[in-house]
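Quick note: the first sequence uses this note's numbering, first residue 10, plus one each step. Input: a single structure, listed below in structure tokens.
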Amino acid sequence: MKIATFNINGIKARIAALPEWLKDAQPDVALLQEIKSVDEGFPRELFEDMGYNVETHGQKSFNGVAILSKLPLEDVRRGLPGDDSDEQARWIEATVVGKQAIRVCGLYLPNGNPAPGPKYDYKLAWMARLQARAEALLAEETPFLMAGDYNIIPQDEDARHPEVWQEDALARPESRAAYRRLVNLGLTEAFRARVHGPEHYSFWDYQAGAWNKDDGIRIDHFLLSPAVADILVDCQIDMHVRAGEKPSDHVPVWVELGN
DNA sequence: ATGACAATCAGAGATTGA
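Structure representation (structure tokens):
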């Protein structure tokens, strides 16, 4: 089973590029971030016609996450638990019913800039809630994965110019420590379980020719629970998508799971 | 450096992103 994550930076703007990538990559499940659309505005028929079940958790103008799945989805949950006053649409989870059931969680973790400040406080608080959700899923021994735009550069090797990012919310020590605490619960970061070394990125800014200079950062990740890590076959970044027509500033990352 | 790009909503330019 192939499961992908892709921050599309607006469904309206990616109305051509997203179906094209789906046809090419053929993921069984696609976790989408930044759909920038309310649920009623999401073109679900387009994807249903391609054989996908569609579940969205949208919001006007900003954020918004979705799950496309060729397999049935059950027990869809919208919103990250732990703060009922949080109105930002950044979390959706559902059980993918395949050969074995897997809880898939799609997330769009807050950017947090400028740091320090209220937006950074919100990022760290959101990460604490994410930690609690992972702990709860581990405690009930549910096979799961959490994938999406984490807005975290885990290590210096995950940026072309790490020195530029040192004080940034994506890389500052508190951000990295929170991410490490999450991984250290016993989760496996899929990409680094398969590929080592520098120059692997999932985001290139639209500005200043970042793509042409390969001035990127790796911020889109898969974290796997132990049972899912056991069946990890591959994890890759679809870097070529960034060179396509009217691309998002992120590219898809995917895992192949087998047994 | 408060900009470069891009997207959204709105119908110009502010806001957000990373």
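For each residue, glycine too, the CB sits at the ideal point set by N, CA and C. Treat the numbers as computed from the prediction; the structure is a model and nothing was measured.
Spatially closest choice to residue i from the options, by CA coordinates
i: I228; options: Q164, L133, K32, V47; result: Q164
i: I44; options: D37, P52, V38; result: P52
i: F212; options: T197, V38, E29, H230; result: H230
i: K69; options: P182, R23, E102, G19; result: G19
i: E102; options: E64, D93, G195; result: E64
i: E49; options: E29, K21, L196, E183; result: K21
i: I246; options: R201, L191, G126; result: R201
i: P182; options: L77, Y129, L266, D92; result: Y129
i: L241; options: G126, L266, E254, P125; result: L266
Whether residue i touches residue j by CB criterion (8 Å)
i: V264; j: D243; result: yes
i: Y131; j: N72; result: no
i: P152; j: Q109; result: yes
i: L194; j: E144; result: yes
i: Q42; j: G121; result: no
i: S257; j: L196; result: no
i: P261; j: A13; result: yes
i: P123; j: E166; result: no
i: G259; j: F15; result: In the sequence as presented, Gly is not what sits at residue 259; that position holds His. Yes, they are a contact pair.
i: P171; j: R138; result: no
i: V38; j: V113; result: yes
i: A187; j: L133; result: yes
i: S78; j: Y61; result: yes
i: L147; j: I111; result: no
Per-residue DSSP class, three states only, for residue i
i: M10; result: coil
i: E150; result: coil
i: A103; result: strand
i: M59; result: coil
i: R185; result: helix
i: W213; result: strand
i: L191; result: helix
i: H170; result: coil
i: L266; result: strand
i: Y117; result: strand
i: G50; result: helix
i: F71; result: coil
Alpha-carbon spacing of residue i relative to residue j, whole angstroms
i: R189; j: L27; result: 31 Å
i: M59; j: H205; result: 35 Å
i: L40; j: Q140; result: 20 Å
i: A34; j: A75; result: 18 Å
i: E198; j: A236; result: 13 Å
i: N160; j: K11; result: 23 Å
i: R185; j: L31; result: 32 Å
i: I17; j: R23; result: 7 Å
i: E254; j: H209; result: 21 Å
Closer than 7 Å: residue i CB and nearest the ligand NAD heavy atom
i: N16; result: Among the components modelled here there is no ligand, and therefore nothing to report on the ligand NAD.
Contacts around residue i, its chain only, beta-carbon distance under 7 Å, and the 5 residues preceding and following it disregarded
i: I162; result: A168, W174, L179, A180, I226, R227, I228
i: L55; result: P28
i: D224; result: R169, H170, W213
i: Y215; result: D258
Cβ neighbours of residue i in the same chain (closer than 8 Å, five flanking residues each side left out)
i: R87; result: H66, A98, W100, I101
i: V106; result: L80, P81, L82, E83
i: L191; result: M136, L139, Q140, A143, L232
i: E176; result: A124
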